[in-house]
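Here the structure is laid out as structure tokens; the discussion comes afterwards.
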Amino acid sequence: MGSSIVSVVIPTRNRPELVKRAVHSALAQTLEKIEVCVVIDGPDPETFSELSKCSDSRLRVIQLASNKGGAGARNEGISKSQSEWIAFLDDDDEWLPQKLECQLEAATASQYQWPIITSFVTARTPKGEFTYPRRLPRHSEDLSEYLLARNTLSYGEGLIQTSTILTKRELLLTVPFREELPKHQDWDWILHVHSLEGVAVEFVPEALAVWHLWEQRASTSGNSNWENSLDWIQQNQHLITPRAYAAFVLVEVGSQAAHTRRWAAFWQLLLEAFRLGKPKPIDLFVFMGMWIVPQELRRSMKSLQSKAAQKLSHLPSLKADATG
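In UniProt numbering, the protein residues as written are 1 to 324.
Structure representation (structure tokens):
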């Protein structure tokens, strides 16, 4: 390993202005012994040229000969990194200066062989700023239910955002991201590794990253086919609880299928949720609403509900209950 303590892996493609902001936030960390590995996912002369203007020797630019997708780009960055610890940063996100320092302190204090350190994230949207996740995992709560199920109408109740993750390179080499998946690579990776001995997810309970959601941008692994999502959850049923299975089918897959307005999909997903899962009333309520309530009205309702939840989260007594 080299002299750096943490390698920052940033996959990117055709977004030179965005990735420059991400790189700047990584190089501005209070933890200075780092390397920043930007993996350009296929030929992209403009991004390569822009990044070449950076004189900081800690920046490494890796240009792939062909497009491999977000998972493939991350795996390339991991394999070429030189540090014991790896942190991920999406090219349209950024970090607060103390992010790596705080997480490395938590990582080195962990009792686990392979800790996965995450944190809260500030989401910047057209409707305002929100802090996610809204709560920490409850004692003995299965990780699949924390990530895939919800108990309220609020988005982001349980969340681990990619740009908040720091973990050991050894773990990522042992269980790499699955490049053959068209989507859900992040959920897939964390659910698989969490089943291993010596792995645990640990939170730094403060917002250390900024998640920009100003507009729907094409990503290095974008795909909106609901049938791909259904295939993925069916293949990974052994990693999740029946409640998480039903919630994912109804809410995640259902939200994608509702856009098609194919009512055959409505009945297919409803039956699937009961066939292999155990849905709760909240899952059925959200699922029905996505098919019946017009999208624009749902967006307005979601915005109002999110703002109300955000205000409530700042009340000490309620926040203590939410974090268990």
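Every residue gets a Cβ at the ideal spot worked out from N, C-alpha and C, and that includes glycine.
Suppose you measure from the CA of residue i to the CA of residue j; what does that come to, to the nearest Å?
i: Pro176; j: Asn75; result: 6 Å
i: Ile160; j: Val293; result: 29 Å
i: Ser52; j: Gln268; result: 51 Å
i: Glu17; j: Val38; result: 13 Å
i: Trp189; j: Arg13; result: 22 Å
i: Ile240; j: Ser3; result: 39 Å
i: Val121; j: Ile165; result: 11 Å
i: Leu31; j: Glu272; result: 48 Å
i: Leu172; j: Ile10; result: 15 Å
i: Pro279; j: Thr118; result: 28 Å
i: Leu230; j: Ala265; result: 11 Å
i: Leu213; j: Ala107; result: 28 Å
i: Asp142; j: Phe48; result: 42 Å
i: Tyr132; j: Ile62; result: 31 Å
i: Glu105; j: Arg138; result: 23 Å
i: Tyr112; j: Leu270; result: 40 Å
i: Ala207; j: Arg58; result: 25 Å
i: Trp211; j: Asp93; result: 5 Å
i: Thr260; j: Val6; result: 43 Å
i: Gly198; j: Arg134; result: 27 Å
i: Asn151; j: Gly158; result: 10 Å
i: Arg60; j: Glu35; result: 7 Å
i: Leu250; j: Lys68; result: 30 Å
i: Val8; j: Ser144; result: 26 Å
i: Asp44; j: Ile282; result: 45 Å
i: Glu129; j: Leu191; result: 28 Å
i: residue 345; j: Gly72; result: The question about residue 345 has no answer here: the residues shown for the chain are numbered 1 through 324.
i: Leu153; j: Leu284; result: 11 Å
i: residue 326; j: Ser83; result: One cannot answer for residue 326 here, as it falls past the ends of the chain, which runs 1 to 324.
i: Met288; j: Tyr155; result: 16 Å
i: Leu318; j: Lys33; result: Any answer about Leu318 is weak, because its pLDDT of 34 lies below 50 and its placement is not dependable; what the coordinates show is given next. Whole-angstrom Cα-Cα distance: 39 Å.
i: Cys54; j: Phe88; result: 20 Å
i: Asn228; j: Val193; result: 21 Å
Near residue i, what residues of its chain come up, given a Cβ to Cβ distance below 6 Å and the 5 sequence neighbours on each side ignored?
i: Trp226; result: Val253, Gln256 and Ala257
i: Leu64; result: Asp41 and Gly42
i: Gln216; result: For Gln216, the predicted model reports a pLDDT of 49, less than 50, meaning its position is unreliable and no value from the coordinates is stated.
i: Asp91; result: Ile10, Thr12, Arg15, Leu18, Val19 and Ala22
i: Asp56; result: Leu27
i: Ser195; result: none
i: Ile116; result: Thr167 and Val201
i: Glu170; result: none
i: Ile233; result: Phe248
i: Trp291; result: Ala258 and Phe266
i: Trp114; result: Lys168, Leu171, Gly198 and Val199
i: Val204; result: Cys102, Gln103, Ala106 and Ser119
i: Gly77; result: Val9, Cys37 and Val39
i: Ser66; result: Gly42
Could you tell me which residues DSSP pairs with residue i in its beta bridges?
i: Pro115; result: Ala200
i: Trp211; result: Asp93 and Ala123
i: Tyr132; result: Val121
Among residues of its own chain, excluding the 5 on either side of residue i, which ones have a beta-carbon nearer than 7 Å to its beta-carbon?
i: Ser219; result: A caution first: Ser219 carries a pLDDT of 49, below 50, which makes its placement in the model unreliable, though a value can still be read off. The answer, listed in chain order, is Gly70.
i: Ser110; result: Glu202
i: Asp186; result: Thr162
i: Glu50; result: Pro16 and Lys20
i: Gln237; result: Tyr245 and Leu276
i: Ser25; result: Glu94 and Trp95
i: Ala149; result: Arg243, Ala244 and Ala247
Got a sec? Which residues, its chain only, sit under 8 Å from residue i by beta carbon, not counting five neighbours each side?
i: Phe274; result: Ala246
i: Arg124; result: Val210, Trp211, His212, Leu213 and Trp214
Touch test, the stretch 92-100 against the stretch 179-189, Cβ-Cβ under 8 Å, three pairs minimum | no
Identify every run of the alpha helix (DSSP H) within the UniProt domain "Glycosyltransferase 2-like" (7-113), keeping only runs that are complete inside it and at least 4 residues long; order them along the chain.
-> 16-27, 45-52, 69-80 and 99-109
Which parts of the stretch 154-202 are runs of the alpha helix (DSSP H), unbroken and 4 residues or longer, counting only runs that do not cross its ends?
-> 169-174 and 185-194
Minimum length 3: unbroken beta strand (DSSP E) runs contained in the stretch 250-300 = none
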